[in-house]
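Q:
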Amino acid sequence: MQPLVAALRKMVADGKPGTRKLYEHLLQELDAVPQLEHPTADTAALAEHETLLNSVLASLFPPATGEQEGIYAVSYPFHNQVVYASEPFRAIFLPGSTDSINVSGTEANETIGRSSMQLAYNLILRRFYNQQIPAVASSVHTIPDSETGLTRYLELKLNAGFVSVQLADKNFALPKNISAQRALDVEELRTILPLEHFQFEGLVVIEVADVTGEEVIAAIKNSLLNINAAADGTVYAGFGEHVRTLVGLPSIEVGITPFFRMNDFSLFAETYFSHSLLLRNGAEADKAARFSRLAGNMFRNADQPVLYSQFVVENNGGGLLQAYYEAGARSLVLCPLKCDDGELIGLLELVSTEPGTLRFEHLKRLQPAIQLFALALDKHAENLELQIDKTIKEHFTAIQPAVAWKFTEAAFNYLQRQQAQDSVKMQSIMFENVYPLYGSIDVRNSSLERTHSIQLDLMEQLTQASNVLEIAAQQSPFPLLREIQFKVEQYLANTSDTLLSDDELVICDFLQGELHNLFRHLHETRPDLQKQIDAYFALLDTQRGMVYHHRKKYEDSITRINDMLDRFMDAEQKNAQQVYPHYFERYITDGIEFNIYVGQSLAPNAPFDEIYVRNLKLWQLTLLARAARLSHALEKRLPMPLQTTQLILAHSIPLSISFRRKERKFDVDGAYNIRYEIIKKRIDKVHLKDSEERLTQPGKVAIVYSQQKELQEYEEYVQFLQHEGLLGEQLEHLELEDTQGISGLKALRVDVIFNQDSNGQKEAVAQRLEVPAPQ
1 MQPLVAALRK
11 MVADGKPGTR
21 KLYEHLLQEL
31 DAVPQLEHPT
41 ADTAALAEHE
51 TLLNSVLASL
61 FPPATGEQEG
71 IYAVSYPFHN
81 QVVYASEPFR
91 AIFLPGSTDS
101 INVSGTEANE
111 TIGRSSMQLA
121 YNLILRRFYN
131 QQIPAVASSV
141 HTIPDSETGL
151 TRYLELKLNA
161 GFVSVQLADK
171 NFALPKNISA
181 QRALDVEELR
191 TILPLEHFQF
201 EGLVVIEVAD
211 VTGEEVIAAI
221 KNSLLNINAA
231 ADGTVYAGFG
241 EHVRTLVGLP
251 SIEVGITPFF
261 RMNDFSLFAE
271 TYFSHSLLLR
281 NGAEADKAAR
291 FSRLAGNMFR
301 NADQPVLYSQ
311 FVVENNGGGL
321 LQAYYEAGAR
331 SLVLCPLKCD
341 DGELIGLLEL
351 VSTEPGTLRF
361 EHLKRLQPAI
371 QLFALALDKH
381 AENLELQIDK
391 TIKEHFTAIQ
401 PAVAWKFTEA
411 AFNYLQRQQA
421 QDSVKMQSIM
431 FENVYPLYGS
441 IDVRNSSLER
451 THSIQLDLME
461 QLTQASNVLE
471 IAAQQSPFPL
481 LREIQFKVEQ
491 YLANTSDTLL
501 SDDELVICDF
511 LQGELHNLFR
521 HLHETRPDLQ
531 KQIDAYFALL
541 DTQRGMVYHH
551 RKKYEDSITR
561 INDMLDRFMD
571 AEQKNAQQVY
581 PHYFERYITD
591 GIEFNIYVGQ
601 SLAPNAPFDE
611 IYVRNLKLWQ
621 LTLLARAARL
631 SHALEKRLPM
641 PLQTTQLILA
651 HSIPLSISFR
661 RKERKFDVDG
671 AYNIRYEIIK
681 KRIDKVHLKD
691 SEERLTQPGK
701 VAIVYSQQKE
711 LQEYEEYVQF
721 LQHEGLLGEQ
731 LEHLELEDTQ
741 GISGLKALRV
751 DVIFNQDSNG
761 QKEAVAQRLE
771 VPAPQ
């Protein structure tokens with residue numbers, strides 16, 4: 001008590017007249033009981049003067065701290081027993097009728113104990129080692145609210161300003177130079193300075209502050225670190241609990257409805273709406289888009305939240321609020337969440353089914369967190385955009401690793417120049433002196449096979465229709481049936497001959513329109529024809545409304561060939577990239593075309609030599625020969641047996657390529673280089689000179705060249721692969737017909753050997769690479 005009494009005497013001596021009048025009478029009463037100023041551990045003796053002691057202890061707390069509002073207490077030095085406490089403090093920290101602090105949960109009690117011990121050593125270091133250490137220690141504890149069940153965050157502050165410390169053991173030698181050592185933790189101090197050698201006198205003032213708002217805001221900030229586009233559900237669920245704690249209402253529902261857009265496309269998915277109060281029960285894209293539009297209109301010129309404490313249906317806000325009312329909301333808060341550019345990216349929703357639950361005081365508590373929720377959605381949207389952009393690049397318009405550095409360089413330079421001046425242009429992406437390689441794997445006669453499959457399907461459907469009409473005409477004198485039957489016979493004759501694309505469209509329109517309408521009418525009015533008409537419609541594909549037997553076989557076969565070749569080429573390309581980095585692009589049509597570019601400008605950090613070009617040419621020839629083997633092994637498992645042809649264009653002169661941003665692909669530069677592109681487009685269906693025979697043939701690899709050194713180079717590669725048993729012994733030297741603007745082209749053509757590998761081995765490889773057939 002003595003440190004506190006000394007502080008009061010000083011305040012009276014130095015204070016204003018009002019302070020003297022307030023405490024002078026109290027000090028006079030203390031002077032009449034001098035034993036109160038001396039240390040004692042006899043609580044029974046203190047009980048005789050309880051009224052006086054309470055008056056002295058009450059002087060520690062300002063009058064503005066009411067008994068029912070303040071949470072405070074006074075305890076013995078570094079002891080859990082209190083000698084004075086407010087009623088709120090007793091309700092929280094002093095269970096039952098005890099005077100010992102006991103918080104539910106051992107962790108909280110241990111934390112208070114550690115803080116108390118740390119404070120004791122702070123006083124020792126201040127007193128005996130002159131260290132400038134505060135005589136205050138604080139800790140934050142989570143305490144369940146007895147009324148709401150929500151978590152409260154309470155900061156417990158221990159103030160030892162009215163505690164003095166002396167050596168209790170005169171024989172204890174204080175260690176020297178502690179102040180010069182590193183900062184010691186409590187366990188180390190307990191070893192060096194055991195507390196039993198010290199005596200503490202005075203009172204520890206305990207003040208408790210409700211820091212729920214600050215702690216919840218900090219928790220929300222920490223949760224932002226966990227936001228990502230792939231797994232946000234648990235984070236958003238945690239946000240809801242934070243909001244209920246922040247506003248102090250356990251029964252309200254909290255929701256977040258995001259409105260994500262990218263490239264003028266709204267991103268709607270059930271996973272994003274799982275925590276939306278308005279759309280969580282499943283929402284079609286058009287419904288979500290409508291709510292997004294209504295919310296955008298509602299908050300176009302407003303950034304502040306809106307409160308509907310007594311929510312009635314008349315406040316329908318053009319439809320959005322009407323939806324909340326129909327969902328059960330009778331008290332509502334809507335907070336617009338906007339990104340830095342002012343675009344609405346979502347809504348934070350607080351809803352109660354009881355009118356008047358949400359009030360202005362709750363909105364005020366929520367205000368500091370609103371921007372954090374906007375930041376969370378903005379970060380989510382940013383991560384989502386990065387994921388989408390990555391996916392697009394991987395599957396559609398990939399910037400390959402071999403050239404990604406050039407795009408990074410251009411983008412970085414653009415951003416740097418943009419900081420210095422307002423108007424800048426993105427630099428061109430160009431690579432000079434690169435060697436081109438071109439190859440293709442084409443499905444033989446794919447256009448003819450497609451047309452033939454369409455013919456067979458149309459003939460089957462027209463024949464079946466003719467049979468139905470024949471039966472109907474025999475049993476009814478209806479003249480129009482004969483007229484429609486005449487049309488069917490004409491179309492059947494036309495289809496049996498050469499089918500033109502215009503004829504196909506006319507026949508399909510007739511079948512799906514006039515004929516089907518007639519059959520549906522006959523089905524209702526002529527019970528005797530129902531069986532035949534049902535059989536006709538049973539032949540049709542449910543989605544197309546046409547017979548789709550032969551076309552499905554054709555399309556499934558093309559798909560399976562392309563998928564198998566695509567997977568095979570991907571696997572082989574990864575290995576080739578490890579030898580020397582190069583640009584590789586492919587296009588899938590009725591088969592696969594691919595371009596390769598390699599040169600020093602593409603990989604400035606990897607020393608280049610023409611040996612890498614030769615290696616890629618040999619790799620390319622090997623790739624096509626192996627692809628021919630795989631497609632041959634796959635052929636007998638296809639719904640429609642289709643064969644492939646293999647083609648290479650040899651070009652030994654380097655050229656330049658540049659990236660076309662609009663087309664999002666590389667193209668050659670310069671007039672001479674354009675000739676290379678023209679040749680690529682015209683050699684696919686080129687014939688041998690003075691012959692009707694096509695250059696490309698199933699089971700063979702054709703190599704088109706124009707210079708003698710190209711011939712000699714590829715002859716060496718062919719000889720090596722003949723030795724390896726991949727290519728046949730017969731090598732054809734051919735001259736090609738002149739095409740528009742192109743003349744003097746020649747070619748090599750060589751067989752691929754299919755019978756060297758066992759059939760089982762070929763089929764096993766093809767099966768491993770093949771995507772399962774469509775069902």
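Numbering-wise (the numbering used here), the sequence shown opens with residue 1 and increments by one.
Glycine residues also receive a C-beta, built at the ideal position from the N, C-alpha and C atoms.
Is Ala173 helix, strand or coil by DSSP?
A: Position 173 of the sequence shown, counted from the start, is the residue given in the question as residue 173. Here Ala173 sits in coil by DSSP.
Q: Nearest to Ser656 by alpha carbon, out of Asn177, Thr191, Val434?
A: Here residue 656 is taken as the residue at index 656 of the sequence shown, counted from 1. For Ser656, the nearest C-alpha among the options comes from Val434.
Q: Please tell me whether Leu469 and Leu481 are closer than 8 angstroms, where the distance is taken between their beta carbons.
A: As a first step, residue 469 is located in the sequence shown; it is residue number 469 there, counting from the start. As a first step, residue 481 is located in the sequence shown; it is residue number 481 there, counting from the start. In contact: Leu469 and Leu481 (Cβ atoms closer than 8 angstroms).
Q: Tell me the DSSP secondary structure of Phe360 in three-state form.
A: Along the sequence shown, read from residue 1 onward, the residue named residue 360 stands at position 360. Helix, per DSSP.
Q: Please return the same chain residues whose Cβ sits closer than 8 angstroms to the Cβ of Asn755, not counting the five positions on each side in sequence.
A: For the purposes of this step, residue 755 is identified with residue 755 of the sequence shown, where counting begins at 1. Taken in chain order, the list of residues that qualify is empty.
Q: Return helix, strand or coil for His733, following the three-state DSSP convention.
A: As a working mapping, residue 733 is identified with position 733 in the sequence shown. The answer is strand: DSSP assigns His733 an E or B state.
Q: Are the CB atoms of Asn595 and Glu585 within a distance shorter than 8 angstroms?
A: Within the sequence shown, the letter at position 585 stands for residue 585. Within the sequence shown, the letter at position 595 stands for residue 595. In contact: Glu585 and Asn595 (Cβ atoms closer than 8 angstroms).
Q: For the stretch 309-347, list the beta strand (DSSP E) runs that are entirely contained and at least 3 residues long, ordered along the chain.
A: Here the runs fully enclosed are 331-338.
Q: Can you name the residues that DSSP bridges to Asp303?
A: Within the sequence shown, the letter at position 303 stands for residue 303. Answer is none; Asp303 lacks a bridge partner.
Q: By Cβ distance, which residues of its chain are closer than 7 angstroms to Asp169, with the 5 residues on each side in sequence left out?
A: On the sequence shown, residue 169 is found 169 positions in, with the first residue counted as 1. Here the set comprises His197.
Q: So, with DSSP's three-state summary, where would you put Thr98?
A: For this step, residue 98 is matched to residue 98 along the sequence shown. Residue state, collapsed to three classes: coil.
Q: Run through DSSP, which three-state label would Pro454 get?
A: Residue numbering aside, residue 454 sits at position 454 when the sequence shown is read from its first letter. As written in the sequence, residue 454 is Ile, which differs from the Pro given in the question. In this structure, Ile454 counts as helix in the three-state DSSP scheme.
Q: Mind checking which residues open and close the beta strand (DSSP E) that includes Arg586?
A: What you label residue 586 is simply residue 586 of the sequence shown in a count that begins at 1. Per DSSP, Arg586 belongs to the beta strand (DSSP E) from 583-589.
Q: Within 10 Å of its beta-carbon, does Arg520 have 16 or more other beta-carbons around it, so buried, or fewer, so exposed?
A: Translated into the one-based positions of the sequence shown, residue 520 becomes position 520. Under this definition Arg520 is an exposed residue.
Q: Could you tell me how far apart the beta carbons of Arg660 and Asp667 are, in whole angstroms, since I believe they sit closer than 8 angstroms?
A: For the purposes of this step, residue 660 is identified with residue 660 of the sequence shown, where counting begins at 1. For the purposes of this step, residue 667 is identified with residue 667 of the sequence shown, where counting begins at 1. Contact flag correct, Cβ pair sits at about 5 angstroms.
Q: Check whether the stretch 637-656 touches the stretch 570-588, taking contact to mean three or more Cβ pairs, one atom from each stretch, closer than 8 angstroms.
A: Too few Cβ pairs lie closer than 8 angstroms, so no.
Q: Going by the beta-carbon positions, is the gap between Leu437 and Gln620 smaller than 8 angstroms?
A: Looking up residue 437 in the sequence shown gives position 437. Looking up residue 620 in the sequence shown gives position 620. Cβ distance < 8 angstroms, so Leu437 and Gln620 count as in contact.
Q: Would you be able to state if there are at least three C-beta pairs under 8 angstroms between the stretch 110-126 and the stretch 139-158?
A: Contact between the stretch 139-158 and the stretch 110-126 is present, because at least three Cβ pairs lie under 8 angstroms.
Q: Since Pro88 is in the beta strand (DSSP E), which residue starts that stretch and which ends it?
A: Residue mapping note: residue 88 aligns to position 88 of the sequence shown, counting from 1. Run containing Pro88: none in the beta strand (DSSP E); it sits in the alpha helix (DSSP H), 87-93.
Q: Decide if Ser423 is buried, meaning its Cβ has at least 16 other Cβ atoms within 10 Å, or exposed.
A: Looking up residue 423 in the sequence shown gives position 423. Per the 10 Å Cβ criterion, exposed.
Q: Using the Cβ count rule (16 or more neighbours within 10 Å means buried), how would you classify Phe260?
A: Taking the first residue of the sequence shown as position 1, residue 260 is located at position 260. With 16 or more other Cβ atoms within 10 Å, it is buried.
Q: Using three-state DSSP, classify Met546 as helix, strand or coil.
A: The sequence position of residue 546 within the sequence shown is 546, counting from 1. Note: Met546 maps to coil in three-state DSSP.
Q: Using the DSSP secondary-structure output, state which residues sit across from Ala747 in a beta bridge.
A: If you number the sequence shown from 1, residue 747 lands on position 747. Paired residue(s): Val704, Leu734.
Q: Quick one: Cα of Gly317 to Cα of Thr148, how far?
A: As a working note, residue 317 is residue 317 in the sequence shown. As a working note, residue 148 is residue 148 in the sequence shown. Low local confidence applies: a pLDDT of 49 at Gly317 is under 50, so the model's placement there is unreliable, with the coordinate-based value given in what follows. Spanning the two alpha carbons is a distance of roughly 33 angstroms.
Q: Determine the direct distance from the alpha carbon of Gln418 to that of Gly328, and round the result to whole angstroms.
A: If you number the sequence shown from 1, residue 328 lands on position 328. If you number the sequence shown from 1, residue 418 lands on position 418. Answer to the nearest angstrom: the Cα atoms are 52 angstroms apart.
Q: Let me know the secondary structure DSSP gives Glu635 once reduced to three states.
A: Position 635 of the sequence shown, counted from the start, is the residue given in the question as residue 635. Correct three-state label for Glu635: helix.
Q: What's the C-alpha gap between Gln474 and Asp556?
A: On the sequence shown, position 474 is the one that residue 474 refers to. On the sequence shown, position 556 is the one that residue 556 refers to. For Gln474 and Asp556, the distance between alpha carbons rounds to 40 angstroms.
Q: Between Leu350 and Ile217, how many whole angstroms is the CB-CB distance? I'm expecting something under 8 angstroms.
A: Along the sequence shown, one-based indexing puts residue 350 at 350. Along the sequence shown, one-based indexing puts residue 217 at 217. The Cβ separation is near 17 angstroms, so there is no contact.
Q: Taking the alpha helix (DSSP H) that Val506 belongs to, which residues open and close that run?
A: Stepping through the sequence shown from its first residue, residue 506 is reached at position 506. It spans 501-510 - the alpha helix (DSSP H) in which Val506 sits, taken as one unbroken run.
Q: According to DSSP, simplified to helix, strand and coil, what is Glu80?
A: To locate residue 80, count along the sequence shown from 1; it is residue 80. One detail in the question is off: residue 80 reads as Asn in this sequence, not Glu. Three-state DSSP puts Asn80 in coil, outside helix and strand.
Q: Put Leu437 into one of helix, strand or coil per three-state DSSP.
A: For the purposes of this step, residue 437 is taken as residue 437 along the sequence shown, with counting starting at 1. Of the three classes helix, strand and coil, the one that applies to Leu437 here is strand, per DSSP.
Q: Please look up how many angstroms separate the CB atoms of Glu732 and Arg749, rounded, as I've assumed it's under 8 angstroms.
A: Working through the sequence shown from its first residue, we reach residue 732 at position 732. Working through the sequence shown from its first residue, we reach residue 749 at position 749. Yes, they are in contact, since the Cβ atoms of Glu732 and Arg749 sit about 4 angstroms apart, within 8 angstroms.
Q: Using CA atoms only, rank isn't needed, just tell me which of Gln304, Leu278, Asp303, Ala302 is closest to Ser788.
A: An answer regarding residue 788 cannot be provided, because it is not within the stretch 1 to 775 covered by the chain.
Q: If you count every other CB in all the chains shown that lies within 10 Å of the CB of Glu67, and 16 or more means buried, which is it?
A: One-based indexing of the sequence shown puts residue 67 at position 67. For Glu67, the predicted model reports a pLDDT of 45, less than 50, meaning its position is unreliable; a value from the coordinates is still stated below. Exposed, since its Cβ has fewer than 16 Cβ neighbours within 10 Å.
Q: Please go through the same chain and pick out, in chain order, the residues whose beta-carbon is closer than 6 angstroms to the beta-carbon of His632, but skip the five residues on each side of it.
A: As a working mapping, residue 632 is identified with position 632 in the sequence shown. Excluding residues within five positions, the ones whose Cβ falls inside 6 angstroms are Phe754.
Q: Mind reading off the beta-carbon distance from Ile124 to Ile112? Whole number of angstroms is fine, and I expect it under 8 angstroms.
A: One-based indexing of the sequence shown puts residue 124 at position 124. One-based indexing of the sequence shown puts residue 112 at position 112. With a Cβ gap of about 19 angstroms, Ile124 and Ile112 do not count as contacting.
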